[in-house]
Amino acid sequence: MQEAYLEAFLTESMENVERLEAFCLTLEREGAKPGLLDEMFRAAHTLKGMSATMGFDKLAALTHRAEDLLGALRDARVSLESRHVDALLSAVDRMRSRLRAVAASSKEPDEPDDDVLDMLMDALRAGEQAGGHGEPDRVPFVNLSEWARQAAAEGKELYLVHLRLVEDCIMPGVRLAMAYQAMREAATWFGAHPDEAQVMAGQAEGPEAFAAVAVAPGEIERLRQAVLDITDMAACDVSKADLPSVTSSHDTATAKTRPALEAPQRAHGGSGPSEAMVDLRMDATLRVPIRKVDALMNTLSDLVITKTRIATLVQALGDAELKETVERLDRLVGEMQDGWLQLRMVPVETIFHRYPRMMRDLERRLQREFDFVMTGLETEMDRVVLEEMGEVIVHLLRNAADHGLEPPDERERLGKPKRGTIRLSAYTAGGHVYLEVSDDGRGIDRHRVLETAVAKGWVTLEEGAALPDESVYALLFRPGFSTAERVSDISGRGVGLDAVRDKVEALGGQIRLDSSPGAGSTFTIELPLTLAILSALLVSVRGQVFAIPTANVDEVRKITRDDVRHVQERPVLSDDEGIVPVVDLASRLALGPRSDSYPQTAILCREGKRRLALIVDHVLDELEIVNKPLGRYLEDVREFAGATVLGDGRVSLILDVRAMANPA
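In terms of our numbering, the sequence shown has 608 at position 608, counting the first letter as 1, and numbering is strictly consecutive.
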């Protein structure tokens, strides 16, 4: 095996496996649409060839068996049934497992794949026994009616040709190519399965083929004999495709295929890979390992810090020519920064594509019925943030299917549609990206949530009755709320939501829950577009410099003693939006006593629906900073989200506005 090519092999092979899985779900949902099985066959054929080249014989054999089933479906030797999709998905799972093992050890596992191979073979044999051979309604053409009209307009008759090679044919692709050429010379050519491009590329290995041609009356036998004269051609069956029977045959074929898939095909409505199949051409791309992009991003971060320091030194020198040069450097670094940040941005589809398969399996395992809809797949966000959100989304989707949606019979009793809907959406707004998981299930029962909270001693009955819905739902995120009693007693959510919240907040985001009893629930996650470089307001407090992300800053203003009121002995400001708590940073960070002199500088900040005013000594500047993590030794310091290096070389801590909004 050539180690130099292993990384490229794994990358491209995993892409083909992901495509196969997406196509399988489309096949289950929409049936054998034109071109779909061709694309699936090509993906499997490519994977088989690469695996054999790299010496992974078991993976090549597994893919070859899947290719056999796909070829039979594509060539209409078997009619599509749900067991075919199940077998193909099992093969996809095993292919993915083998590729992951190769990635971990550079070797192919020795374990056999007999269970999956037998499943694929059983599905193929059962389909062939049920389907027979040479039936006109199995011919894989959907536009025979139009072709028949075109042939009639030319005074010709449309015929369907079914070719079969001998079983021990050594070069099936060559023989089919010769047959196609013979038919082209003797008739008007309309189309074939497998198509000419596949045959000429050596991608057609099956013993059968179908073609649609038009000949003058009485000429079909001459064409048939010309085809039979080709070596290794076992049979050439022809049947006239009259216009009335063409429509009937196509309708019959469609009717035969769909009942077997009727139950699951609606389970995954919404954005799927079928639209992408229309045009699979992609923009020219350059494959670059993620580690190289991250290394360059770190270098760029240091360049931004150095640029800021040079600008500080030049400003102190007062040299006009140097200042002009630094301004140009600033523009160039800014352009580089924007470009590299775009490299870190990836569409959410790179993670979302794994969920339709998971939801399909959940629907069956939980005996639920629902449509899974995904929107906003083109929304881009920081790769690091998106990868961290993968398991969070999995948890929320499982929660929606298991606890959010009612069983089908219960939905019918409630007057709801038997099939529920679970939505996964992504969109951007105001420098943030939003991920939403919603369902139209039973919603949150606040009374039962409060019963559990009271039983655990978190609130009293009187306190619970006065809590708004938002505060009641927040109890679901408390550690320890996900108990066995919680799962069986409350028709809502809660299992592990504290871990979900912690993960979101660790990435500088927040999560909220909206629910309407009987109508469903929505989890909304708000995240920063990127974690690497952010715009910040620099402030000084008792000689120390801190950074406040401008995404959290509403306004900066001077306040007087008359502006400050006290509620429950805590200072607050009052404006048109309501009460704003005041936090004196010097006191909060133990840098000195609270100042009683006025006027004071207040930074009005917003974190979600919460607002607060941070009292600082001075506002120094607004600039872009590089967000560096604090490291594991300081990870428990709640008040700071990270650190940055200033232009003069000093380290400045980045304030976590969310933590500041909570009492010390």
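The beta carbon of each residue, even a glycine, is placed where N, CA and C say it ideally should be.
Extent of the continuous alpha helix (DSSP H) run through residue i
i: L529; result: Note, L529: premise wrong, no alpha helix (DSSP H); not H, not E.
i: S105; result: S82 to S105
i: A241; result: Where A241 is concerned, there is no enclosing alpha helix (DSSP H), given that its DSSP letter is neither H nor E.
i: Q367; result: Q367 -> no alpha helix (DSSP H), and no H or E assigned at all.
i: E221; result: I220 to L228
i: G71; result: D57 to R74
Residue i to residue j span [Cα, whole Å]
i: A586; j: V504; result: 28 Å
i: L261; j: V500; result: With a pLDDT of only 40 at L261, under the threshold of 50, the placement of this residue in the model should not be trusted, and no figure is reported.
i: L313; j: R331; result: 18 Å
i: L62; j: E15; result: 17 Å
i: D621; j: E526; result: 27 Å
i: A211; j: E67; result: 21 Å
i: S471; j: L37; result: 52 Å
i: K156; j: A216; result: 5 Å
i: L158; j: I220; result: 10 Å
i: A255; j: A32; result: Caution applies to A255, whose pLDDT of 35 falls short of 50 and renders its modelled position unreliable; the value that the coordinates give is listed next. About 12 Å.
i: P549; j: L655; result: 8 Å
i: S491; j: R98; result: The predicted position of S491 is uncertain, since its pLDDT is 34 and thus under 50; no value can be drawn from it.
i: L329; j: E321; result: 13 Å
i: G443; j: T524; result: 15 Å
i: R383; j: L534; result: 16 Å
i: E108; j: T53; result: 13 Å
i: F56; j: R606; result: 56 Å
i: A551; j: I351; result: 26 Å
i: V556; j: L537; result: 10 Å
i: D168; j: A295; result: 55 Å
i: D371; j: K418; result: 11 Å
i: L591; j: V541; result: 8 Å
Three-way DSSP call (helix, strand, coil) for residue i in this model
i: P517; result: coil
i: Q181; result: helix
i: H395; result: helix
i: G334; result: helix
i: Q203; result: coil
i: D237; result: strand
i: K628; result: strand
i: A8; result: helix
i: T421; result: strand
i: C605; result: strand
i: R19; result: helix
i: P408; result: helix
i: G173; result: helix
i: R610; result: strand
i: S652; result: strand
i: H618; result: strand
i: H268; result: Bear in mind that a pLDDT of 41 at H268, under 50, signals an unreliable position, so the number given afterwards is only what the model happens to contain. In the structure shown, H268 sits in coil (DSSP, three-state: anything other than H, G, I, E or B).
i: Y434; result: strand
i: A547; result: strand
i: P468; result: coil
i: L386; result: helix
Counted within 10 angstroms of its Cβ, other Cβ atoms place residue i as buried (16 or more) or exposed
i: V651; result: exposed
i: M277; result: Interpretation of M277 is limited by its pLDDT of 36, a score under 50 that renders its predicted location unreliable; no figure is taken from the coordinates.
i: G339; result: exposed
i: H566; result: exposed
i: N298; result: exposed
i: D75; result: buried
i: D636; result: exposed
i: T26; result: buried
i: K558; result: exposed
i: T460; result: exposed
i: L317; result: exposed
i: I290; result: exposed
i: K695; result: No answer is possible for residue 695: the residues shown for the chain start at 1 and end at 664.
N-terminal and C-terminal residue of the beta strand (DSSP E) that residue i is part of
i: K558; result: V553 to I559
i: I444; result: That residue, I444, is in no beta strand (DSSP E); it is neither H nor E in DSSP.
i: L573; result: R570 to D575
i: A693; result: This structure does not reach residue 693, given that the chain is present from 1 up to 664, and the question cannot be answered.
i: L158; result: E157 to L165
Neighbour flag for residue i against chain B, beta carbons, 8 Å
i: E15; result: No chain B appears in the structure shown, which is made up of a single protein chain.
Legend entry - the region 17-24 in contact with the region 170-188 per 3-pair CB rule at 8 Å: no
Legend entry - Contact the region 579-597 vs the region 563-571: 3+ CB pairs below 8 Å: Of all C-beta pairs linking the region 579-597 to the region 563-571, three or more are shorter than 8 Å, placing the two stretches in contact.
Legend entry - Contact between the region 109-129 and the region 196-204 (3+ Cβ pairs under 8 Å): no
Legend entry - Sufficient close CB pairs (3 or more, under 8 Å) joining the region 113-120 to the region 85-99: yes
Inset, instruction - Take every Cβ of the region 406-415, pair it with every Cβ of the region 380-395, and state whether three or more of those distances are shorter than 8 Å. - result: no
Legend entry - Segment contact flag, the region 416-427 with the region 509-516, C-beta cutoff 8 Å, min 3 pairs: no
Legend entry - the region 375-385 touching the region 427-435, judged by at least three CB pairs closer than 8 Å: yes
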